[in-house]
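Note sheet for the following structure.
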Amino acid sequence: MDLSAIMQEFRQEFPFFKSYPECIYLDSAATTHKPQCVIDTIAQAQAQSNANVHRSSYQLAADVTRQYEAIRSRLAHFINAPDSQNIFWAKGATEALNLIAYGLGELCLANHPLWQGNEIIILTSEHHANILPWQQLIQRVNQIRSAYSQNEHIKMLRVTPVSPDKNGDYQYDELYNAISDDTAIIAIAHVSNALGCIHPIENISAKAHQYNALCIVDGTQALAHLNVDVQALGCDAYVGSSHKMFGPTGVGFGYGTDVLLDALPPYQVGGEMIEHVSFTSSRFQSYPHKFEAGTPNIHGVLGLGAAINFVDKHLAYIQRTEENLFTYLLTQLSQIKQVRLLGQGNLHKISLCSMVFVHNGDSLSHYDVLRWLDEANIALRVGHHCAMPLMQHLEVDGTLRVSISAYNCVADIDMFIDVLKSAIDQLIGSHDILINDSLSLASQFNGLQGYENIFRQIMLSSKALPVLDASKHIDAYHVAGCEVDVWLMYTPHNNAFEAFANSKIIRGLLAILLEKANSLTAKERRIFDFSGYLTALGITHHLSQSRVNGLDRVIAKLSA
Ligand code: PLP
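Just so we're on the same page, this note's numbering is the position in the sequence shown counted from 1, plus 183.
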């Protein structure tokens, strides 16, 4: 069979592409599609073998419990954990990280020997799911320490971020040098969801252990792409989400060493995690069951089992195909001079890249680029990718991220590149066209048909925006709740608004609104129907709901 037939056969395992053949899906880092075997497993479990686990002893319930526990062993084998006991189920990576961080906070407060030091090291590029649980831990411990301590010199916990350079590339020596006797934990992704780089976890956990620190790894973006061997990685804990590895949503897992899982207290309490309960005291089961209060996501676990079998069977193919597609994508992107890739210096990467767009020193908004991609049914993500500290560090307001899986094909990339080039050309092209400033902006929409013409006119209108100076892009003038950052300032003495947004499309919409607002008195503005005005110009129905919601926030300020 030739390569394209093999690729086609693999793609056919995913019914999504039959139901939605026109979709070019380049957002697998957000969630992967599900192969038929996963869908069938869940449907069969719901139709034919529905019973609760670990409760009843009749045959069906015992069978389902056996199947469910067999997946724990299957997963342990898949990531080379020593035993199924080292795996606990959770709703996803987020819950597993919260569970571990909560428990470690308790160990810290109890002066448990597993907790040594006062610092948690986190990479700047971590997903919020691997930042916020640690931030909460630090706040809780510090609050309790300061409330109960008589000692003024009590040590407070702190977070130490380690950042990549301004291109998004890590120099790992900086991380190794940051680890010291005062380091309690290093919380790090195996693979960054915003940059795609694979971090050298083996070296990092070895260094952490030299200083008695724990190494907690967020493996969410690794499991669909890499052979994961938690013992070779040497980490103390490793978490993942089923839906990013071809499995269903709502289920994930945590792996922990015996020492860690034994020491961690339960995160939630309730049915099934106990040995004995009375009104005076209760005794909990050992790990992993002490972490699994209540009825678990049984069908989710069974579906994850099918997904693990699927990845295991196809991993070599997945890796080879993703590498070929990714190399092709990078070659194509390198020919578009406005594309600036971030985090490409790290040699070890999965098939994911993040980019921003720059023309003659000015940035082009990825939200504007997205409009063309979305129109062409290309599904991918723009924004901060739940990695806001990274975006702040790189001084960008987000990136456009492409994440490839082995069900993609060369035609997907070709289409993406074609539409991207055309979007960039149109965004740049509208720079050079002069607007007709003898006519009002609104009158130039008269008789315009079709979204291409409307959007072109919106972008041209952006040139007429009364621009708010960059020095005033501050919180006081920030309009919360818009898709992109918008600043709007009113000056009463000349009854005029000025505004700014990084997106050219939003600047155009602001220009149209401000042309009207600045022609009205404050009293007239309060009763004027700005939303109806945009609709009458034929604009609103070409806008996404999130754009409309953002504009509503602007309109609320204009009418205040
Ligand atoms: N960690 C990383 C690196 C991720 O990419 C994500 C999701 O995008 C998460 C954690 C959170 O995963 P979930 O939402 O499935 O809990």
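Don't be surprised by glycine CBs; every beta carbon is placed ideally from N, CA and C.
Assuming residue i contacts residue j under a Cβ cut-off of 8 Å, what Cβ separation, rounded to an integer in Å, is found between them?
i: P431; j: G483; result: 5 Å
i: I399; j: L508; result: Not a contact, Cβ separation roughly 32 Å.
i: I304; j: T366; result: 6 Å
i: Y660; j: L651; result: 7 Å
i: G526; j: D352; result: 6 Å
i: G433; j: L406; result: Wrong, their Cβ atoms sit about 16 Å apart, outside the cutoff.
i: S537; j: S686; result: So it is not a contact: roughly 18 Å between Cβ atoms.
i: F436; j: F261; result: About 10 Å; that fails the 8 Å criterion.
i: N235; j: A228; result: That pair is no contact at about 12 Å.
i: A377; j: H568; result: 4 Å
i: L563; j: L556; result: 7 Å
i: A446; j: L297; result: 5 Å
i: I501; j: A589; result: 4 Å
i: H426; j: T215; result: 7 Å
i: A684; j: V667; result: 5 Å
i: P198; j: F429; result: 13 Å between Cβ atoms; not a contact.
i: S379; j: I533; result: Residue identity check: residue 379 is Gly in the sequence provided, not Ser. G379 to I533, Cβ: 5 Å. Contact.
Can you look up residue i in the DSSP assignment and give me helix, strand or coil?
i: L187; result: Sequence check: residue 187 is Ser here, not Leu. Three-state DSSP puts S187 in a helix.
i: E455; result: coil
i: Y450; result: coil
i: H568; result: coil
i: G437; result: strand
i: M746; result: The requested residue 746 is not part of the displayed model; the chain covers only 184 to 743.
i: K274; result: coil
i: G286; result: helix
i: V442; result: helix
i: T510; result: helix
i: K532; result: strand
i: D356; result: helix
i: C380; result: strand
i: G423; result: strand
i: M672; result: strand
i: S749; result: Outside the shown range of the chain (184 to 743) lies residue 749, about which nothing can therefore be said.
i: A372; result: strand
i: R238; result: coil
i: D597; result: helix
i: A367; result: strand
i: I207; result: strand
i: F193; result: helix
i: S388; result: helix
i: V411; result: coil
i: V460; result: strand
i: P316; result: helix
i: L651; result: coil
i: V324; result: helix
i: C665; result: coil
i: I657; result: coil
i: L741; result: helix
i: I501; result: helix
i: M574; result: helix
i: I305; result: strand
i: I399; result: strand
i: A682; result: strand
Next item on the list: Output the residues surrounding ligand 1, defined as those with a CB atom closer than 5 Å to any ligand heavy atom, in chain order.
Entry: G275, A276, T277, H310, A312, A372, N376, D401, T403, Q404, S424
Check: Counting Cβ pairs closer than 8 Å, one from the segment 281-290 and one from the segment 447-455, do we hit at least three?
Finding: yes
Note to self: Check whether the segment 639-653 and the segment 692-702 touch, using three or more Cβ-Cβ pairs below 8 Å as the test.
What the structure shows: yes
Item checked: Segment contact flag, the segment 186-201 with the segment 485-504, C-beta cutoff 8 Å, min 3 pairs -> yes
Note to self: If contact is defined by three or more beta carbon pairs under 8 Å, each pair taking one atom from either stretch, is the segment 219-228 in contact with the segment 595-612?
What the structure shows: no
Notebook entry, point to check: On the three-pair Cβ rule with 8 Å, is the segment 618-635 touching the segment 668-686?
Noted result: no
Next item on the list: Taking 8 Å as the threshold, find out whether the segment 345-363 comes into contact with the segment 374-393 through three or more Cβ pairs.
Entry: yes
Check: Touching or not, the segment 313-329 and the segment 544-560, by the rule of three or more beta carbon pairs under 8 Å?
Finding: no
Notebook entry, point to check: Touching or not, the segment 459-473 and the segment 504-524, by the rule of three or more beta carbon pairs under 8 Å?
Noted result: no
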